Amino acid sequence: MNLVRSELLKIRTTNTWWLFGLGALLAWALTFALNAFSAHVTFDLDIPEGLPPEQVEQLQAQKDVVVQATNLFTSGQFFGLLFVTLLGILVVTNEFYHQTATTTFLSTPRRTAVVLAKLVAATLLGAVFWLVTTAINIPATMIFLSAEGVDHHLGDSVIIEALLLNLLAYVLWGIFGVGFGVLIRSQIGATITVVVLYLLGTVAASVLFVVLQQIFEADWILELQVIVPSIASQLMITGDELPGSPPQWVGAAVLIGYAVVTGVAGTLLVRKRDIS
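If you count by the working numbering, then the sequence shown holds residues 3 to 278, one letter each, in order.
What follows is the structure, given as structure tokens:
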């Protein structure tokens, strides 16, 4: 616990935490506004006649109040996970950027304990980000849905499950950040790599799977998008309420698998690598 407290102290006593927090807050505000606008348009949408049954089912699911409420209650996840990942990266790369890695490992020769402390610190930071965004999302969503004249369904098991799985996503992406930081010790290199992979990689993967689905005319190909971590995170909060989507547990299993691999790989690399 002393190691964990020291890792949190390194973040808390620098400008990093509030700069990332401010960025996450601005991203949340933009995301919630877009989600609210989308929900407003969806509630007023009339389903045209003559559409294929699959599209009708999809639109009807989108108009479901619970689906829209779940999306609103978890607003800010996409960019929030990115900020949490970047914080996880900094937990590791700050040691090399400020040349404190040697001192850290000399004072605590058990490298595995140091890496575990960094992983725990990253998960706690992820939980804090989730707590803050959720604390803002709940009243904001309740106010918006009340203005729309619909119930917020906050007590429904579907929404509670989505909120808890959203917490799991924040925690796991903090672990991803530590893994990336160990793999790429350059702070700038790791940050740029993660931002590019997260933002452009998600879009590129979605386009690729759509193209493959059109080529092979197989709908099951679209479900394979869940192997992309960012898409798996979105599935965890959307669930199987939308037709054609895999169950929520699939997204959770994919993220947990990635977290285990990155956590173990990061620990092994730090134990073997020369840190001088």
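Backbone N, C-alpha and C fix where the C-beta goes; we use that ideal spot for every residue, glycine too. This one's a predicted model, so the numbers in the text were calculated from it and none came from an experiment.
Is residue 154 helix, strand or coil by DSSP?
Translated into positions along the sequence shown, residue 154 becomes position 152. Coil, per DSSP.
Are residue 29 and residue 73 close, meaning C-beta to C-beta below 9 angstroms?
Stepping through the sequence shown from its first residue, residue 29 is reached at position 27. Stepping through the sequence shown from its first residue, residue 73 is reached at position 71. Taking 9 angstroms as the cut-off, the beta carbon of residue 29 is found no closer than this to the beta carbon of residue 73.
Below 8 angstroms on the Cβ atoms is my guess for residue 182 versus residue 197; work out the distance and round it to an integer in Å.
Within the sequence shown, the letter at position 180 stands for residue 182. Within the sequence shown, the letter at position 195 stands for residue 197. Incorrect: roughly 11 angstroms between the Cβ atoms, too far for contact.
One question on the structure: do residue 216 and residue 92 come within less than 9 angstroms of each other, judged by their Cβ atoms?
Against the sequence shown, residue 216 aligns to sequence position 214. Against the sequence shown, residue 92 aligns to sequence position 90. For residue 216 and residue 92, no; Cβs fall outside 9 angstroms.
Quick check: the Cα distance between residue 219 and residue 186, rounded to an integer number of angstroms?
For the purposes of this step, residue 219 is identified with residue 217 of the sequence shown, where counting begins at 1. For the purposes of this step, residue 186 is identified with residue 184 of the sequence shown, where counting begins at 1. Their backbone Cα atoms lie some 39 angstroms apart in a straight line.
To the nearest angstrom, how far is it from the Cα of residue 207 to the Cα of residue 44?
Position 205 of the sequence shown, counted from the start, is the residue given in the question as residue 207. Position 42 of the sequence shown, counted from the start, is the residue given in the question as residue 44. Straight across, the Cα-Cα distance linking residue 207 with residue 44 is about 26 angstroms.
To the nearest angstrom, report how far apart residue 131 and residue 272 are at their CA atoms.
Looking up residue 131 in the sequence shown gives position 129. Looking up residue 272 in the sequence shown gives position 270. Taking the straight line from one Cα to the other gives about 27 angstroms.
Would you kindly work out how many angstroms separate the C-alpha atoms of residue 1 and residue 126, rounded to a whole number?
What the structure shows of the chain is the stretch from 3 to 278, and residue 1 is not part of that stretch, so it cannot be assessed.
At which residue ranges does the stretch 169-247 contain complete alpha helix (DSSP H) runs of 4 or more residues, listed in the order of the chain?
Inside the stretch 169-247, DSSP marks whole alpha helix (DSSP H) runs of 4 or more residues at positions 189-218, 222-225 and 231-240, from first to last along the chain.
Sequence-distant residues of the same chain with beta carbon closer than 6 angstroms to residue 87, five excluded per side
Position 85 of the sequence shown, counted from the first residue, corresponds to residue 87. Here the set comprises 175, 178, 179 and 196.
Closest Cα partner of residue 23 within the set 135, 12 and 259:
On the sequence shown, residue 23 is found 21 positions in, with the first residue counted as 1. Considering only 135, 12 and 259, the residue with the shortest C-alpha distance to residue 23 is 135.
Tell me which residues share the same chain as residue 78 and place their Cβ nearer than 6 angstroms to its Cβ, disregarding the 5 neighbours each side in the sequence.
Within the sequence shown, the letter at position 76 stands for residue 78. If we look at residue 78 and ignore the five residues flanking it on each side, its Cβ neighbours are 30, 33 and 135.
Reference residue 69, options 9, 99, 147 and 257, closest by Cα:
Counting from one through the sequence shown, the residue named residue 69 turns up at place 67. Of 9, 99, 147 and 257, the residue nearest in Cα terms is 147.
Simplified DSSP assignment, three categories, for residue 112
For this step, residue 112 is matched to residue 110 along the sequence shown. DSSP places residue 112 in coil when its eight states are reduced to three.
If we count the other Cβ atoms within 10 Å of its Cβ and call it buried at 16 or more, is residue 250 buried or exposed?
For the purposes of this step, residue 250 is identified with residue 248 of the sequence shown, where counting begins at 1. Classification for residue 250: buried.
Would you say residue 128 and residue 172 are within 9 angstroms of each other, going by their C-beta atoms?
What you label residue 128 is simply residue 126 of the sequence shown in a count that begins at 1. What you label residue 172 is simply residue 170 of the sequence shown in a count that begins at 1. Taking 9 angstroms as the Cβ cut-off, residue 128 and residue 172 qualify as a contacting pair.
Give the secondary structure of residue 6 by DSSP, where H, G and I count as helix, E and B as strand, and everything else as coil.
Counting from one through the sequence shown, the residue named residue 6 turns up at place 4. In the structure shown, residue 6 sits in a helix (DSSP, three-state: H, G or I).
Taking the beta carbon of residue 100 as the centre, do at least 16 other beta carbons fall within 10 Å, making it buried, or is it exposed?
Position 98 of the sequence shown holds residue 100. Of the other Cβ atoms in all chains shown, fewer than 16 fall within 10 Å of the Cβ of residue 100; this residue is therefore exposed.
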